Amino acid sequence: MPSFDIVSEVNLHELSNAIDQTNREVSTRFDFKGSDAHVEITSDSLTLQAENEFQLNQMTEILHKKLAKRGIDVAALEPGQLEIQNRRARLPMSIKQGIDKDVAKKMLKAIKDSKLKVQAAIQGEQVRVTGKKRDDLQQIMALLREKDLDLPLQFINFRD
39 MPSFDIVSEV NLHELSNAID QTNREVSTRF DFKGSDAHVE ITSDSLTLQA ENEFQLNQMT
99 EILHKKLAKR GIDVAALEPG QLEIQNRRAR LPMSIKQGID KDVAKKMLKA IKDSKLKVQA
159 AIQGEQVRVT GKKRDDLQQI MALLREKDLD LPLQFINFRD
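Going by this note's numbering, the sequence shown opens with residue 39, and the numbers climb by one from there.
Dropping the structure here:
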(Lines of atoms letter the chains of each structure in order from A; the text may use other names.)
(Lines give C-alpha, C1' and ligand atoms only; values in the text may rest on other atoms or scores of the structure.)
Protein backbone atom coordinates (compact mmCIF):
# COMPACT_ATOMS: atom_id res chain seq x y z
CA MET A 39 0.00 0.00 0.00
CA PRO A 40 1.41 3.41 -0.93
CA SER A 41 2.26 5.70 1.96
CA PHE A 42 4.18 8.85 2.85
CA ASP A 43 5.19 10.78 5.95
CA ILE A 44 4.47 14.43 6.67
CA VAL A 45 7.17 16.21 8.68
CA SER A 46 8.15 19.76 9.53
CA GLU A 47 11.93 20.00 9.67
CA VAL A 48 14.50 22.71 9.08
CA ASN A 49 17.84 21.88 7.49
CA LEU A 50 20.11 23.29 10.21
CA HIS A 51 23.15 23.34 7.93
CA GLU A 52 21.33 25.53 5.39
CA LEU A 53 20.03 27.71 8.24
CA SER A 54 23.58 28.17 9.49
CA ASN A 55 24.73 29.13 5.98
CA ALA A 56 21.91 31.68 5.66
CA ILE A 57 22.87 33.21 9.02
CA ASP A 58 26.53 33.41 7.97
CA GLN A 59 25.50 35.17 4.76
CA THR A 60 23.30 37.57 6.74
CA ASN A 61 26.15 38.41 9.12
CA ARG A 62 28.49 38.96 6.16
CA GLU A 63 26.03 41.30 4.41
CA VAL A 64 25.32 43.23 7.62
CA SER A 65 29.06 43.75 8.20
CA THR A 66 29.53 45.22 4.71
CA ARG A 67 26.41 47.40 4.41
CA PHE A 68 26.80 51.15 4.77
CA ASP A 69 23.79 51.68 7.06
CA PHE A 70 25.31 49.22 9.58
CA LYS A 71 28.78 50.84 9.52
CA GLY A 72 30.26 51.12 13.00
CA SER A 73 27.47 49.15 14.67
CA ASP A 74 27.76 45.78 16.36
CA ALA A 75 24.81 44.11 14.63
CA HIS A 76 24.84 40.33 14.21
CA VAL A 77 22.81 37.12 14.32
CA GLU A 78 23.63 34.35 16.81
CA ILE A 79 22.40 30.77 16.56
CA THR A 80 21.92 28.12 19.24
CA SER A 81 20.58 24.59 18.85
CA ASP A 82 16.89 25.55 18.84
CA SER A 83 16.79 29.34 18.48
CA LEU A 84 18.52 32.34 17.02
CA THR A 85 18.90 35.92 18.20
CA LEU A 86 19.18 39.09 16.15
CA GLN A 87 21.08 41.90 17.89
CA ALA A 88 21.44 45.50 16.72
CA GLU A 89 21.68 49.04 18.09
CA ASN A 90 18.09 50.05 17.35
CA GLU A 91 14.77 48.74 16.11
CA PHE A 92 15.27 50.07 12.56
CA GLN A 93 18.48 48.07 12.14
CA LEU A 94 16.73 45.03 13.59
CA ASN A 95 13.96 45.32 10.99
CA GLN A 96 16.58 45.64 8.24
CA MET A 97 18.39 42.54 9.54
CA THR A 98 15.13 40.59 9.66
CA GLU A 99 14.47 41.49 6.03
CA ILE A 100 17.99 40.42 5.00
CA LEU A 101 17.63 37.14 6.92
CA HIS A 102 14.28 36.38 5.25
CA LYS A 103 15.83 36.94 1.80
CA LYS A 104 18.77 34.66 2.60
CA LEU A 105 16.45 31.96 3.99
CA ALA A 106 14.26 32.06 0.88
CA LYS A 107 17.33 31.81 -1.33
CA ARG A 108 18.44 28.73 0.63
CA GLY A 109 15.01 27.06 0.38
CA ILE A 110 14.00 27.46 4.02
CA ASP A 111 10.44 28.57 4.69
CA VAL A 112 10.25 31.73 6.81
CA ALA A 113 7.32 30.19 8.73
CA ALA A 114 9.87 27.86 10.37
CA LEU A 115 11.03 30.80 12.51
CA GLU A 116 8.75 32.18 15.19
CA PRO A 117 9.78 35.66 16.38
CA GLY A 118 9.70 36.31 20.10
CA GLN A 119 9.28 39.52 22.07
CA LEU A 120 11.42 42.49 21.00
CA GLU A 121 13.74 43.58 23.84
CA ILE A 122 15.28 47.07 23.91
CA GLN A 123 17.76 47.92 26.70
CA ASN A 124 20.81 50.19 26.95
CA ARG A 125 20.99 51.13 23.25
CA ARG A 126 20.71 47.45 22.26
CA ALA A 127 17.78 45.79 20.55
CA ARG A 128 17.37 42.01 20.61
CA LEU A 129 14.87 39.83 18.80
CA PRO A 130 14.89 36.14 19.75
CA MET A 131 13.43 33.68 17.24
CA SER A 132 12.63 30.04 17.93
CA ILE A 133 13.11 27.38 15.26
CA LYS A 134 10.01 25.23 14.74
CA GLN A 135 10.98 21.56 14.41
CA GLY A 136 8.42 18.76 14.25
CA ILE A 137 4.64 18.79 14.20
CA ASP A 138 2.99 19.31 17.58
CA LYS A 139 -0.13 17.38 18.63
CA ASP A 140 -2.64 20.18 18.00
CA VAL A 141 -1.47 20.78 14.42
CA ALA A 142 -1.34 17.03 13.80
CA LYS A 143 -4.95 16.70 14.98
CA LYS A 144 -6.01 19.52 12.62
CA MET A 145 -4.26 17.71 9.78
CA LEU A 146 -5.99 14.42 10.63
CA LYS A 147 -9.37 16.17 10.76
CA ALA A 148 -8.77 17.80 7.35
CA ILE A 149 -7.73 14.44 5.89
CA LYS A 150 -10.82 12.69 7.28
CA ASP A 151 -13.12 15.50 6.12
CA SER A 152 -11.80 15.10 2.57
CA LYS A 153 -13.68 11.75 2.33
CA LEU A 154 -10.77 10.12 0.47
CA LYS A 155 -9.97 6.48 1.18
CA VAL A 156 -6.79 7.04 3.16
CA GLN A 157 -5.72 6.41 6.74
CA ALA A 158 -3.63 8.87 8.73
CA ALA A 159 -1.83 8.25 12.00
CA ILE A 160 0.26 10.43 14.29
CA GLN A 161 3.72 8.95 14.89
CA GLY A 162 5.61 11.15 17.30
CA GLU A 163 6.42 14.40 15.50
CA GLN A 164 5.27 13.21 12.09
CA VAL A 165 2.07 12.01 10.43
CA ARG A 166 1.94 8.88 8.27
CA VAL A 167 -0.69 8.69 5.52
CA THR A 168 -1.48 5.41 3.76
CA GLY A 169 -3.96 4.63 1.01
CA LYS A 170 -4.66 2.20 -1.80
CA LYS A 171 -4.29 4.70 -4.63
CA ARG A 172 -1.34 6.96 -5.32
CA ASP A 173 -3.77 9.60 -6.69
CA ASP A 174 -5.53 9.83 -3.32
CA LEU A 175 -2.21 10.46 -1.60
CA GLN A 176 -1.35 13.19 -4.08
CA GLN A 177 -4.74 14.83 -3.45
CA ILE A 178 -3.99 14.77 0.29
CA MET A 179 -0.64 16.47 -0.38
CA ALA A 180 -2.36 19.19 -2.40
CA LEU A 181 -5.03 19.61 0.30
CA LEU A 182 -2.43 20.07 3.05
CA ARG A 183 -0.38 22.52 0.97
CA GLU A 184 -3.48 24.70 0.54
CA LYS A 185 -4.39 24.52 4.24
CA ASP A 186 -2.94 27.33 6.35
CA LEU A 187 -1.16 25.51 9.20
CA ASP A 188 1.61 28.07 9.96
CA LEU A 189 4.18 25.31 9.49
CA PRO A 190 6.41 24.41 6.57
CA LEU A 191 5.48 20.83 5.63
CA GLN A 192 7.68 18.32 3.83
CA PHE A 193 6.47 15.04 2.39
CA ILE A 194 9.05 12.26 2.74
CA ASN A 195 9.34 8.46 2.47
CA PHE A 196 6.89 8.15 -0.43
CA ARG A 197 6.54 4.38 -0.89
CA ASP A 198 4.58 2.35 -3.39
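The beta-carbon is built from N, C-alpha and C at its ideal position, and this holds for glycine as well. This structure is a prediction, so every number in the text was calculated from the model and none was measured.
Rounded C-alpha distance that separates residue i from residue j
i	j	result
Phe42	Asn61	37 Å
Ile79	Gln93	18 Å
Gln164	Pro117	23 Å
Lys155	Arg125	59 Å
Ile133	Leu84	8 Å
Val45	Gly72	42 Å
Arg67	Asp58	14 Å
Asp151	Ala158	12 Å
Val77	Asn195	34 Å
Gln119	Pro130	7 Å
Asp173	Leu146	18 Å
Residues bridged to residue i (per DSSP)
i	result
Ser83	Ser132
Val141	DSSP, once it has assigned bridges, lists no residue as partnering Val141.
Gly169	Val156
Val45	Gln192
Ala127	Ala88, Ile122
Gln164	Gln161
Arg197	Ser41
For residue i, the nearest candidate out of the options (CA to CA)
i	options	result
Val112	Gln87, Gln157, Ala56	Ala56
Val167	Ala180, Ile149, Leu84, Lys139	Ile149
Ile100	Glu89, Gln123, Ser65, Gln119	Ser65
Gly162	Gln96, Ile137, Phe193	Ile137
Ser81	Asn49, Met97, Phe193	Asn49
Phe114	Ile122, Gln123, Glu121, His102	A small fix is needed here, since residue 114 is Ala in this sequence, not Phe. Nearest option by C-alpha distance: His102.
Nearest-angstrom Cβ-Cβ length linking residue i and residue j, presumed shorter than 8 Å
i	j	result
Pro206	Leu175	Beyond the ends of the chain as shown, which are 39 and 198, falls residue 206; an answer cannot be given.
Leu191	Leu182	6 Å
Ile265	Leu187	Limits of the chain in this structure are 39 at one end and 198 at the other, which puts residue 265 out of reach.
Gln135	Glu47	6 Å
9 Å Cβ cutoff met for residue i and residue j
i	j	result
Lys104	Glu63	yes
Arg128	Gln96	no
Ala75	Glu91	no
Lys139	Ile160	yes
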